[in-house]
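In the UniProt record's numbering, the protein residues as written are 1 to 361.
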C-alpha cells in the first residue's frame with residue numbers, strides 16, 4: 001500500500017513546550033508516522049511518503065494557506081501509484097479545510113482523509129493515532145473515494161465523515177459530528193459498518209471540477225470578503241448593507257470612488273445561520289437588509305431548516321423577504337461553497353441551487 005501524508009500542523013503536529021504552551025514545530029509532524037509504526041504491526045506493509053506545504057495552528061488558517069493545500073493535494077494526486085492521501089489538520093478549523101477539499105476533490109480516484117488530534121500525541125488522552133489508524137484501514141477496505149474525515153470523539157466510536165457534512169465545532173469540545181448524524185461509516189470491532197441512513201441528493205454534482213475548472217487552478221481569496229456571514233443571538237442587530245460596503249471600501253478592498261453600486265459586485269452573497277429550529281428574529285432591520293440586497297442583486301441564504309420537521313411561522317416571514325433556505329446542510333460547508341464560487345467567478349445562484357460533493361443531507 002502506498003500512502004502519502006500531507007502535514008499542515010495543528011495539535012496533531014505540535015508539542016507541549018517547557019512554558020506549558022502548545023506550539024507547532026516542523027519536526028513534530030513526522031512523529032505521527034513513527035508512533036504508527038511502533039503501535040501497528042501492519043505498518044510494515046505500507047510505503048510512507050509525506051510533504052509539508054506549511055505548518056501552523058489551525059486557528060490561523062486563511063485563504064492563502066488553503067490555496068497552498070489545494071495545490072499540494074493536486075500535485076500529490078499526480079502519483080498514480082498512491083492508494084490514499086491523509087491530511088493532518090488542527091481541530092479548530094478542520095471543518096473548513098475538509099469542506100474546501102471535499103468540493104474540489106470529491107471525484108478523486110482514491111480517498112483523501114483528514115485526520116486531527118484532540119491532544120498532542122504524547123498525551124495518553126490523544127485520539128490522533130486512532131484517527132490515523134482508522135483512516136488507513138478505510139483506505140485498505142476501499143469503501144469509498146473522495147474526501148472524508150476520520151475522527152473518534154471522546155468515549156465514542158471511530159467514525160468516517162463525509163467532508164462536506166460537518167457540524168461547526170462545539171465550545172470547549174474537540175468532538176466532530178456530521179449534520180443530522182449523517183456520518184458515512186463507523187469502525188467497530190476492526191470492521192467498518194456503513195451508515196444505512198447516509199443519503200445523497202439524486203442531482204448531486206460530483207465536484208467543482210465538473211464545472212470545467214482544473215483542481216490546481218481553483219483558488220480562494222484570502223479573507224472571503226465576498227460573503228457576509230451572520231450568526232443569530234438574542235438581542236441581535238442586523239448590519240446596514242451600505243455601511244458594510246463602505247467599510248470594505250475604506251479597508252482598500254476597492255477604490256472608494258467606484259461607489260456602492262459598482263462595489264456591490266464584490267459582495268456576492270449573504271449567508272445567515274439560523275437557530276437550531278431553522279428560525280431567526282425577523283425585524284425591520286432584516287427587512288431593510290434584504291430589500292437593499294435585492295436592489296444590489298445580492299442573494300440572501302439561510303441554513304438550518306429541516307425537510308422533515310414542521311416549520312415555525314417565522315420561517316414564512318423570512319421567506320417572504322426573499323431569503324433562500326439551504327435545507328439539510330452544514331453552515332460551514334455552505335459558507336465554503338459560496339467562497340469558492342465567488343472566488344472563481346462562478347454564478348453563485350446556480351452553484352447554491354445544487355448539491356455538490358454530497359453536501360446536502
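Ideal Cβ placement from N, Cα and C applies to all residues, glycine included.
For the pair residue 73 and residue 202, the Cα-to-Cα distance works out to about 28 Å.
Residue 103 is a Cβ neighbour of residue 164, given a cutoff of 8 Å. Scanning its chain for C-beta atoms nearer than 7 Å, with the 5 sequence neighbours on each side dropped, one finds around residue 285 the residues 237, 238, in chain order.
According to the DSSP secondary-structure assignment, residue 325 is paired through a beta bridge with 302.
In this structure, the beta-carbon distance from residue 144 to residue 168 does not fall below 8 Å.
When DSSP states are grouped into helix, strand and coil, residue 45 belongs to the helix group.
Between the alpha carbons of residue 339 and residue 99 lies a distance of about 11 Å. Following the DSSP letters along the chain, one finds residue 136 inside the alpha helix (DSSP H) bounded by residues 128-141. Less than 8 Å separates the beta-carbon of residue 324 from that of residue 300. Taking a 10 Å sphere around the C-beta of residue 131, we find 16 or more other C-beta atoms and assign the residue as buried.
Here DSSP, grouped into helix, strand and coil, assigns residue 39 to helix.
Between residue 6 and residue 76, the C-beta gap is smaller than 8 Å, which places the two residues in contact.
Taking a 10 Å sphere around the C-beta of residue 234, we find fewer than 16 other C-beta atoms and assign the residue as exposed. Residue environment for residue 162: buried (at least 16 other C-beta atoms within 10 angstroms of its C-beta). Annotated three-state conformation of residue 72 is helix, per DSSP. Straight-line measurement puts the Cα of residue 230 at about 28 Å from the Cα of residue 147.
The C-alpha of residue 140 lies about 18 Å from the C-alpha of residue 50. With a threshold of 16 other beta carbon atoms within 10 Å, residue 45 falls short and is exposed.
Residue 282 carries a coil assignment under DSSP once its states are collapsed to helix, strand and coil.
By the neighbour-count criterion, in which a residue is buried when 16 or more other Cβ atoms sit within 10 angstroms of its Cβ, residue 315 is buried. For the options 288, 55, 12, the alpha carbon positioned closest to that of residue 34 is the one of 12.
When C-alpha distances from residue 333 are compared across 347, 350, 359, 318, the shortest belongs to 359. Scanning 352, 319, 303, 343 for the CA closest to the CA of residue 328 turns up 303.
Here the C-alpha atom of residue 68 lies approximately 31 Å from the C-alpha atom of residue 186. Using a 10 angstroms sphere on the CB of residue 212, the tally of other CB atoms stays under 16, which defines it as exposed. When beta bridges are read from the DSSP output, residue 15 appears opposite 23.
Residue 226 is a Cβ neighbour of residue 343, given a cutoff of 8 Å. Sorting 84, 109, 63, 124 by C-alpha distance to the C-alpha of residue 97 places 63 at the top. Rounded to the nearest angstrom, the gap between the Cα atoms of residue 4 and residue 70 is 15 Å. Taking C-beta separations shorter than 6 Å and ignoring five residues to either side along the sequence, the partners of residue 180 in its chain run 361, following chain order. Taking C-beta separations shorter than 7 Å and ignoring five residues to either side along the sequence, the partners of residue 351 in its chain run 337, 341, following chain order.
Here residue 126 has 117, 119 as same chain residues with Cβ atoms under 6 Å from its own Cβ, once five neighbours each way along the sequence are excluded.
Counting C-beta atoms within 10 angstroms of its own C-beta, residue 41 has fewer than 16 neighbours from the protein chains shown and is therefore classed as exposed. Contact check for residue 283 against residue 322 fails: the beta carbons are separated by 8 Å or more. For residue 244, the uninterrupted alpha helix (DSSP H) run begins and ends at 241-250, by DSSP.
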